[in-house]
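Asker:
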């Protein structure tokens, strides 16, 4: 378990790259929040009215919540490395990285990228935060479609480590490599290469497969809403936060790995697969399940989000520290073994 | 997010209940490891040769790893509240709780329970750790099938909080309530009621639904083995450790809850569901995927397990502490609001 990304080290990161955030919605602001402490010049572009007031109201609480203090005291001061603009040209003309987080409408993204391409430096990296519109679609009006790729963060981006990097078949491999390097080495995050443009990319496909079965089991009366969540929170959640499903099940198979796991309980796996629910959107189940979820949790408010994010940061920190500890123990063991070896030779 | 189980408080737990562990395999020993620190008299029954030496060799490292110290120093001393026996009668004759963790063979469990029923007190709780054989099958030879239910732990039980409580249609509701109460109140764990005997219960069904899609995406060349695990470790894992999928997606829907979430991205969800892989056990994919997993991770050894379990304990502790902190902040806010209210009235 020694394939962790390197530590996030703000002091050694490159401060020279200029980052343009296109779209100041939830995702755009969260991405800006993540980059700001690294010191790079950040420009946020959006066309909404009263953009400055809007950012003044919404960014500082995010910035406060991204620090590790448990009781955030948001300042109303905007950070000195941040510029806000409603002029696309001034946002992108000197940018090294352009991350787009505008509404999920293919035609809007297509014309936006065509405008950006005419305004930005020829070397700028063009990244889209889309969760569904592939780069090959977005690049329709680009003169050079090989520049664009999807860099899809997991919500909220200023907290969650995942970035799905999804090139189109036209994207230059060198730009994919540079994108992976940037997130891994300069940001200490976990960028993951998705090799084909499939609907939902990887994270959502996996999550929605489990979600479908969860909805099915609630709709069938097998388990309650709070209980199905409790099952995940008390088993796969913490397990998979530490080691993903293939690694975990390979561990369960002992010396024979994943093959051994399937030899042991393949029958049960097959039975579960055969019995898996195939609920569809818009089906009869929706009304009951929506109501039961509403009754269980009520409305999710700002304080709930703060609480969830604060505990999530604690979980991610526990994993980071746990991996460092394990690394240290492995190093200590190696030293002790070398000492024992030397003593034998003496 | 204030539906946590009460804290695990060893000092206030009932020490009087006598617990018989039937079967000293991986699960049986892990369950014993969990109960031992609570001080209850524990008896482990198994028919394997050299049972005492076997337990002497395998239990102390587990006990050491279940403490919170990061560098376990296993003692070879067995705890004073533990009895080991190869005689079923002496294991169960005074037991209040009997937890069976023998091999997954229905006929063996059926005859074992019939023997246990003749030997144990009429009030003893009869629990099976099975991951697949329902209580209605196991109770075939019982005079009183209403006594038996499944209490399925998540591996490894001395670390993971989940217990799936699965009664048969015949199980007495009072015994189900007492089982849920014991695990929640006396053990500070998260017992979850599964209302119908379905294949795989709930946890495995959910996990295997995601596993199937993970295997499908690797087999289709969309993503590598390490990368599919990295996706889960860096996104859903930590997210769902803190808040399960229904709660998380309801949060994503804003004021409209889960309905709002599906209104926003139901199209993508449906597209992912439509495109979901239907791989089957024994298919062509197995060879390639097994080999790729083997190449990625090699053989999972004792040190890997210790590392995983140690980091998992850190994650669970971070969640526990984070929830306590959040609870404290909510209480503080209430007090401040009351003070403000009083000052207004003055």
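Chains as they are written, first to last, in the working numbering: chain S, 28 to 373; chain X, 28 to 373. Where is the CB? At the ideal position from N, CA and C, for every residue including glycine.
Whose Cβ in chain X lies nearer than 9 angstroms to the Cβ of residue 93 of chain S?
Answerer: The sequence position of residue 93 of chain S within the first chain is 66, counting from 1. In chain order: nothing, as chain X lies at least about 15 angstroms away.
Asker: Tell me the DSSP secondary structure of residue 185 of chain S in three-state form.
Answerer: Here the question's residue 185 of chain S lines up with position 158 in the first chain. Coil, per DSSP.
Asker: Could you compute how far the alpha carbon of residue 332 of chain S sits from the alpha carbon of residue 177 of chain X?
Answerer: For the purposes of this step, residue 332 of chain S is taken as residue 305 along the first chain, with counting starting at 1. For the purposes of this step, residue 177 of chain X is taken as residue 150 along the second chain, with counting starting at 1. Cα-Cα distance, rounded: 36 angstroms.
Asker: Hey, which unbroken runs of the alpha helix (DSSP H) at 4 residues or more fall wholly within the stretch 247–319 of chain X?
Answerer: Correct list: 252–261, 263–269, 272–279, 284–302.
Asker: Answer yes if the stretch 271–289 of chain S comes into contact with the stretch 310–324 of chain X, meaning at least three C-beta pairs across the two stretches below 8 angstroms, and no otherwise.
Answerer: yes
Asker: Measuring CA to CA, which of S:289, S:56, S:67, S:70 is closest to residue 84 of chain S?
Answerer: Here the question's residue 84 of chain S lines up with position 57 in the first chain. Nearest option by C-alpha distance: S:56.
Asker: Between the stretch 141–169 of chain X and chain S, which residues of the former have a C-beta closer than 9 angstroms to a C-beta of the latter?
Answerer: 158, 159
Asker: Could you give the first and the last residue of the continuous alpha helix (DSSP H) run that contains residue 87 of chain S?
Answerer: For the purposes of this step, residue 87 of chain S is taken as residue 60 along the first chain, with counting starting at 1. Unbroken alpha helix (DSSP H) run through residue 87 of chain S: 78–93.
Asker: Going by DSSP, which residues form a beta bridge with residue 154 of chain S?
Answerer: Along the first chain, one-based indexing puts residue 154 of chain S at 127. Partner(s): S:126, S:176.
Asker: Return the CA-CA distance between residue 218 of chain S and residue 181 of chain X, expressed in angstroms with no decimal places.
Answerer: Within the first chain, numbered from 1, the residue matching residue 218 of chain S stands at position 191. Within the second chain, numbered from 1, the residue matching residue 181 of chain X stands at position 154. Spanning the two alpha carbons is a distance of roughly 30 angstroms.
Asker: Please state the DSSP three-state secondary structure of residue 220 of chain S.
Answerer: Within the first chain, numbered from 1, the residue matching residue 220 of chain S stands at position 193. Residue 220 of chain S falls in the strand class under three-state DSSP.
Asker: When you compare the CB of residue 338 of chain S with every CB in chain X, is at least one pair closer than 7 angstroms?
Answerer: Reading the first chain from its first residue, position 311 is the one you call residue 338 of chain S. Interface residue, yes.
Asker: Figure out for me which residue from S:350, S:348, S:351, S:341 has the closest Cα to the Cα of residue 25 of chain X.
Answerer: Lying before the first or after the last residue shown, residue 25 of chain X is absent from chain X, which here runs from 28 to 373.
Asker: Would residue 147 of chain S pass as a contact of residue 232 of chain X if the rule is Cβ separation under 7 angstroms?
Answerer: Locating residue 147 of chain S in the first chain gives position 120, counting from the first residue. Locating residue 232 of chain X in the second chain gives position 205, counting from the first residue. No. Outside cutoff.
Asker: For the stretch 165–196 of chain X, enumerate the residues whose C-beta is nearer than 8 angstroms to any C-beta of chain S, in chain order.
Answerer: 181, 182, 187, 188, 189, 191
Asker: Would you call the stretch 124–137 of chain X in contact with the stretch 48–67 of chain X, where contact means no fewer than 3 C-beta pairs closer than 8 angstroms?
Answerer: Touching, yes.
Asker: Between the C-alpha atoms of residue 88 of chain S and residue 214 of chain S, what's the straight-line distance to the nearest angstrom?
Answerer: Residue 88 of chain S sits at position 61 when you count from the first residue of the first chain. Residue 214 of chain S sits at position 187 when you count from the first residue of the first chain. Near 22 angstroms, if we compare the C-alpha coordinates of residue 214 of chain S and residue 88 of chain S.
Asker: Could you tell me whether any Cβ in chain X is nearer than 7 angstroms to the Cβ of residue 318 of chain S?
Answerer: Working through the first chain from its first residue, we reach residue 318 of chain S at position 291. Answer no: the Cβ-Cβ gap between residue 318 of chain S and chain X never drops below 7 angstroms.
Asker: Count the C-beta pairs between the stretch 299–317 of chain X and the stretch 283–291 of chain S that are closer than 8 angstroms, then say yes if the count reaches three, no if not.
Answerer: yes
Asker: When you check each C-beta in the stretch 52–72 of chain S against every C-beta of chain X, which residues fall closer than 7 angstroms?
Answerer: none
Asker: Since residue 202 of chain S is in the beta strand (DSSP E), which residue starts that stretch and which ends it?
Answerer: Numbered from its first residue, the first chain carries residue 202 of chain S at position 175. First-last for residue 202 of chain S: 200–208, but that is the alpha helix (DSSP H), not the beta strand (DSSP E).
Asker: Quick check on the burial criterion: 16 or more other C-beta atoms within 10 angstroms. Buried or exposed for residue 357 of chain X?
Answerer: Taking the second chain and counting its residues from 1, the one referred to as residue 357 of chain X is at position 330. That one is exposed.
Asker: Within 10 angstroms of the Cβ of residue 309 of chain X, are there 16 or more other Cβ atoms? Answer buried if so, exposed if not.
Answerer: Within the second chain, residue 309 of chain X is the residue found at index 282, counting from 1. So residue 309 of chain X counts as exposed.
Asker: Over the uninterrupted alpha helix (DSSP H) stretch that includes residue 53 of chain S, give me the two end residues.
Answerer: Within the first chain, numbered from 1, the residue matching residue 53 of chain S stands at position 26. Start and end: 53–62.
Asker: Just curious, the alpha helix (DSSP H) that residue 339 of chain S is in, first and last residue?
Answerer: In the first chain, the residue the question calls residue 339 of chain S occupies position 312. 329–372 is the extent of the alpha helix (DSSP H) around residue 339 of chain S.
Asker: If we ignore side chains and look at the alpha-carbon of each, how far apart do residue 254 of chain X and residue 151 of chain S end up?
Answerer: Translated into the one-based positions of the second chain, residue 254 of chain X becomes position 227. Translated into the one-based positions of the first chain, residue 151 of chain S becomes position 124. Whole-angstrom Cα-Cα distance: 26 angstroms.
Asker: Please list the partners that residue 289 of chain X has in chain S, where partner means a Cβ-to-Cβ separation under 9 angstroms.
Answerer: For the purposes of this step, residue 289 of chain X is taken as the residue at position 262 of the second chain. Ordered by position in chain S, the residues that pass the 9 angstroms Cβ test against residue 289 of chain X are 308, 309, 313, 317.
Asker: Could you list the residues in the stretch 210–242 of chain X with a C-beta less than 7 angstroms from some C-beta on chain S, going in chain order?
Answerer: Here the close residues are 217, 219, 220, 221, 222, 223, 225, 226, 227, 229, 230, 231, 232, 233, 234, 235, 236, 237, 238, 239, 240, 241.
Asker: Rounded to whole angstroms, what's the CA-CA distance from residue 290 of chain S to residue 225 of chain S? Just pull it up for me.
Answerer: Along the first chain, one-based indexing puts residue 290 of chain S at 263. Along the first chain, one-based indexing puts residue 225 of chain S at 198. Their Cα atoms are separated by approximately 31 angstroms.
Asker: Using CA coordinates, which residue listed in X:167, X:48, X:60 is at the minimum distance from residue 120 of chain X?
Answerer: For the purposes of this step, residue 120 of chain X is taken as residue 93 along the second chain, with counting starting at 1. With distances taken between CA atoms, residue 120 of chain X lies nearest to X:48 out of X:167, X:48, X:60.
Asker: Can you tell me the Cα-Cα spacing of residue 235 of chain S and residue 145 of chain S, whole angstroms?
Answerer: Numbered from 1 along the first chain, position 208 holds the residue referred to as residue 235 of chain S. Numbered from 1 along the first chain, position 118 holds the residue referred to as residue 145 of chain S. Separation of residue 235 of chain S and residue 145 of chain S (C-alpha to C-alpha, rounded to the nearest whole angstrom) is 38 angstroms.
Asker: Determine, using beta carbons only, whether residue 286 of chain S comes closer than 7 angstroms to chain X.
Answerer: Start at 1 with the first residue of the first chain, and residue 286 of chain S comes out as number 259. Cβ-Cβ to chain X under 7 angstroms: yes for residue 286 of chain S.
Asker: Based on Cα-Cα distance, which residue from S:111, S:171, S:149 lies nearest to residue 137 of chain S?
Answerer: Within the first chain, residue 137 of chain S is the residue found at index 110, counting from 1. Closest by alpha carbon: S:171.
Asker: Does residue 243 of chain X pass the burial test, meaning 16 or more other C-beta atoms within 10 Å, or should it be called exposed?
Answerer: Taking the second chain and counting its residues from 1, the one referred to as residue 243 of chain X is at position 216. Label assigned to residue 243 of chain X: buried.
Asker: Contact check, residue 106 of chain S vs residue 71 of chain S under 8 angstroms by CB: the rounded distance?
Answerer: Here the question's residue 106 of chain S lines up with position 79 in the first chain. Here the question's residue 71 of chain S lines up with position 44 in the first chain. The Cβ separation is near 11 angstroms, so there is no contact.
Asker: Among X:208, X:59, X:191, X:237, which has the Cα closest to the Cα of residue 221 of chain X?
Answerer: In the second chain, the residue the question calls residue 221 of chain X occupies position 194. Nearest option by C-alpha distance: X:191.
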